[in-house]
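S.K.: Just so you know, the sequences run in chain order A and H. Residues in the first sequence are numbered from 8 upward in steps of one, following this note's numbering. Residues in the second sequence are numbered from 8 upward in steps of one, following this note's numbering. This is the structure, below, for whatever I ask next.
Protein chains: 2
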Amino acid sequence: METFFSLLERRVDDCSSLLCVGLDPHVDDLQSPTADAAREHCLRLVKAAAPYAAAFKPNTAFFERFGPQGWTALKQVIDAIRQESQRLGSHVPVILDAKRGDIASTAEAYAASAFDSLGADAITLSPYLGRDSIEPFIQDPEHGAFLLCKTSNAGAQDLQDLKVERPGKQPVPLYLHVAEMARGWNVRGNVGLVVGATYPATLAEVRAAAPELWFLVPGVGVQGGDLDAALQAGLRQDGMGVLINVARGIARALDPGSAAASLRDHMLGIRRAMQK
Amino acid sequence: METFFSLLERRVDDCSSLLCVGLDPHVDDLQSPTADAAREHCLRLVKAAAPYAAAFKPNTAFFERFGPQGWTALKQVIDAIRQESQRLGSHVPVILDAKRGDIASTAEAYAASAFDSLGADAITLSPYLGRDSIEPFIQDPEHGAFLLCKTSNAGAQDLQDLKVERPGKQPVPLYLHVAEMARGWNVRGNVGLVVGATYPATLAEVRAAAPELWFLVPGVGVQGGDLDAALQAGLRQDGMGVLINVARGIARALDPGSAAASLRDHMLGIRRAMQK
Chain A
8 METFFSLLER
18 RVDDCSSLLC
28 VGLDPHVDDL
38 QSPTADAARE
48 HCLRLVKAAA
58 PYAAAFKPNT
68 AFFERFGPQG
78 WTALKQVIDA
88 IRQESQRLGS
98 HVPVILDAKR
108 GDIASTAEAY
118 AASAFDSLGA
128 DAITLSPYLG
138 RDSIEPFIQD
148 PEHGAFLLCK
158 TSNAGAQDLQ
168 DLKVERPGKQ
178 PVPLYLHVAE
188 MARGWNVRGN
198 VGLVVGATYP
208 ATLAEVRAAA
218 PELWFLVPGV
228 GVQGGDLDAA
238 LQAGLRQDGM
248 GVLINVARGI
258 ARALDPGSAA
268 ASLRDHMLGI
278 RRAMQK
Chain H
8 METFFSLLER
18 RVDDCSSLLC
28 VGLDPHVDDL
38 QSPTADAARE
48 HCLRLVKAAA
58 PYAAAFKPNT
68 AFFERFGPQG
78 WTALKQVIDA
88 IRQESQRLGS
98 HVPVILDAKR
108 GDIASTAEAY
118 AASAFDSLGA
128 DAITLSPYLG
138 RDSIEPFIQD
148 PEHGAFLLCK
158 TSNAGAQDLQ
168 DLKVERPGKQ
178 PVPLYLHVAE
188 MARGWNVRGN
198 VGLVVGATYP
208 ATLAEVRAAA
218 PELWFLVPGV
228 GVQGGDLDAA
238 LQAGLRQDGM
248 GVLINVARGI
258 ARALDPGSAA
268 ASLRDHMLGI
278 RRAMQK
């Protein structure tokens, strides 16, 4: 059976890359504060980085702020990724970084928005509302969901780090409970986790709690996470299981294509060294 | 100092109402599955219910699913609420039910989207990423944020009901910890909570943990919550502090205006009885 993660793994093999290219058109990085400039900014990155990208991750916030025009730009960026996929002869998945979370028919409407209207392959979700808020996004095995587990910001300690009591089990930090739950919900091979790169020891801990899940790992570079340590702590034994998200490190490079290629090659070296 | 909740309380006084009218244009309720039909559905409700509405709460999901046209419709619905406010001579706040949650500059972009681009007064947010994910939304006292605390769905037990350990304190369910945190973050008078109506005892418990905060209470009617019990459990001693959200109970009524008026009057009766 084809699943979101079997599609992703095929792409990882095709391009020998674990790089997820974040598309975050910050107003500060644009030539003008407009949806057109956001689209052009992203299209340039898509074109330059596609050969080295295991996935692209546009963040809805930076498009929404431009209203309907921003929403149109987001759709155009996703369409451009589809065109690059065709050109490359290899499907590059689109992970919509939307961090949605709502119940019942509302979650269904968000799923329709992400997968049907925008044409994304996967989405990031908040786990706070529990399983029934996730289900509408993972009914189709070819669509995936990455649940926020442990984030790289200071506020992560406010909820995620709290130890939770569970009957008949040892207390664990909430983020590990989320990892265990996500593992249980992954019956169709399409549930992953968002785990920040800031603390490699935490990544290793989540890996131990969810040995087979894919992690989307932001926070390398600007947020201070160390790439090598993140891969060493997070990779599965098969050299898969970690998507390293880089946004500004590519967007602000003089040559985004070269920056993406270097990141791909560097990660490949680490993977090979680990598998020896 | 004017704050979101002082604005809301003025509106509650003006219309003697604690009713929040949910604007959820479910595809099933529309004449056709289009953004135009969603807009017309909502405009009819806004016009009929405005005199009895302490606030309106459009849910972004049902607009997003129609792409850019949906986003245009959402803006038009919010503009129509502004026009009704002018006609009534009383500002009816708009709470954007978006349940967003992201970090740093991304949260700032979502705040710009909700408050600057769409013109909403307040927003619902997920607390999972902690304080720094909330801050960009509450910098301006006249803009408010309702944090998800205890929701009315079955999945609420997966995270929200877990007991969390805190140094030097008794373990409490996560939702009570969120209530206590929100209370601490409410330094500008613009932080509230989303607490489902399903379990009045839980509402009373959250009220005890956060005596002065405003609660946005969904789940009355379709989701089985009891209106009288919710008000009795949630109202502050001043007869304020609870916004009862009703969506389908108004949208599916033969006469939405009468349905809203009846709800307003019924709640007013309960408030008066409690204050005797």
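The C-beta atom is built at its ideal place from N, Cα and C for all residues, glycine as well.
(1) Is the Cβ-Cβ distance between Asp-165 (chain H) and Gly-108 (chain A) less than 8 angstroms?
(2) Between the segment 119 to 146 of chain H and chain A, which residues of the former have a C-beta closer than 7 angstroms to a C-beta of the latter?
(3) Please work out which residues of its chain come closer than 8 angstroms, Cβ to Cβ, to His-184 (chain A), disregarding the five sequence neighbours upstream and downstream, and give them in chain order.
(4) Tell me the DSSP bridge mates of Pro-180 (chain A)?
(5) Shorter than 8 angstroms from the beta carbon of Asn-197 (chain A) to some beta carbon of chain H?
(6) Using 8 angstroms for Cβ pairs, my map puts Val-213 (chain H) next to Val-202 (chain H). What's the rounded Cβ distance?
(7) Does the distance from the CB of Leu-52 (chain A) to the CB of Pro-263 (chain A) come in under 8 angstroms?
(8) Specify whether the segment 56 to 65 of chain A and the segment 23 to 32 of chain A touch according to this definition: at least 3 beta carbon pairs, one from each stretch, less than 8 angstroms apart.
(9) Quick check on DSSP: helix, strand or coil for Arg-51 (chain H)?
(10) On the CB-based measure, 16 or more other CB atoms within 10 Å of its CB, does Asp-128 (chain A) come out buried or exposed?
(11) Since Asp-109 (chain H) meets chain A, which of its residues come closer than 7 angstroms, beta carbon to beta carbon?
(12) To the nearest angstrom, how far is it from the Cα of Ala-119 (chain A) to the Cα of Gln-146 (chain H)?
(13) Can you give, in chain order, each stretch of the beta strand (DSSP E) that sits fully within the segment 9 to 90 of chain H and has at least 3 residues?
(14) By how many angstroms is the C-alpha of Thr-131 (chain A) removed from the C-alpha of Ala-152 (chain A)?
(15) Within the chosen definition, does the segment 178 to 196 of chain H reach the segment 269 to 280 of chain A through at least 3 CB pairs nearer than 8 angstroms?
(16) Would you say Asn-193 (chain H) lies against chain A (beta-carbon separation less than 8 angstroms)?
(17) Mapping DSSP to helix, strand and coil, what is Asp-272 (chain A)?
(18) Determine, using beta carbons only, whether Val-249 (chain H) and Gly-241 (chain H) come nearer to each other than 8 angstroms.
(19) Can you round the beta-carbon distance between Leu-15 (chain A) and Ala-57 (chain A) to whole angstroms, since I take them to be within the 8 angstroms contact cut?
(20) What are the start and end residues of each continuous beta strand (DSSP E) run of 3 or more residues lying completely inside the segment 221 to 251 of chain H, in chain order?
(21) My output table needs one value for Gly-209 (chain A): the three-state DSSP class, helix, strand or coil.
(22) Residues in its own chain within less than 8 angstroms of Gly-74 (chain A) by CB, not counting five upstream and five downstream?
(23) Just curious, the beta strand (DSSP E) that Asp-139 (chain H) is in, first and last residue?
(24) Go ahead and pull the three-state DSSP assignment for Thr-113 (chain A).
(25) Kindly say whether Leu-223 (chain A), judged by its beta-carbon, lies nearer than 8 angstroms to any beta-carbon of chain H.
(26) Shortest alpha-carbon distance to Gly-96 (chain A) belongs to which of A:Asp-21, A:Asp-168, A:His-150?
(27) Go through its chain and collect everything with a Cβ distance to Leu-220 (chain A)'s Cβ below 8 angstroms, but skip five positions before and after it.
(28) Does the beta-carbon of Gly-228 (chain A) have 16 or more other beta-carbons within 10 angstroms, so that it is buried, or is it exposed?
(29) For chain H, find out if any of its Cβ atoms is closer than 8 angstroms to the Cβ of Tyr-117 (chain A); answer yes or no.
(30) In the DSSP output, what is Leu-155 (chain H) paired with across the bridge?
(31) Is the beta carbon of Arg-278 (chain H) sitting closer than 8 angstroms to the one on Gly-226 (chain H)?
M.R.: The answer reads as follows:
(1) Taking a C-beta distance under 8 angstroms as the contact criterion, Asp-165 (chain H) and Gly-108 (chain A) do not qualify as a contact pair.
(2) Ala-119, Ser-120, Ser-124, Ser-133, Pro-134, Tyr-135, Leu-136, Gly-137, Arg-138, Asp-139, Ser-140
(3) Val-171, Arg-173
(4) Answer is A:Lys-170, bridged to Pro-180 (chain A).
(5) no
(6) 5 angstroms
(7) yes
(8) yes
(9) helix
(10) buried
(11) Those are Ala-68, Lys-106, listed as they occur along chain A.
(12) 33 angstroms
(13) Listed in chain order, the complete beta strand (DSSP E) runs (minimum 3 residues) inside the segment 9 to 90 of chain H are 26 to 30, 62 to 65.
(14) Between Ala-152 (chain A) and Thr-131 (chain A), the C-alpha separation is close to 6 angstroms.
(15) no
(16) No, no contact with chain A.
(17) helix
(18) In contact: Val-249 (chain H) and Gly-241 (chain H) (Cβ atoms closer than 8 angstroms).
(19) With 8 angstroms as the limit, Leu-15 (chain A) and Ala-57 (chain A) do not qualify as a contact, their Cβ atoms being about 15 angstroms apart.
(20) 222 to 224
(21) Correcting the residue identity first, residue 209 (chain A) is Thr in this sequence and not Gly. Three-state DSSP puts Thr-209 (chain A) in a helix.
(22) Ala-42
(23) Looking at the DSSP string, Asp-139 (chain H) is not in any beta strand (DSSP E); the run it does join, the alpha helix (DSSP H), is 138 to 141.
(24) helix
(25) Put simply, the CB of Leu-223 (chain A) is far from chain H, with every gap to its CB atoms at 8 angstroms or more.
(26) A:Asp-21
(27) Ala-186, Ala-189, Arg-190, Asn-193, Val-198, Gly-199, Leu-200, Gly-248
(28) Per the 10 Å Cβ criterion, buried.
(29) yes
(30) H:Val-201
(31) In this structure, Arg-278 (chain H) keeps its C-beta atom at 8 angstroms or more from the C-beta atom of Gly-226 (chain H).
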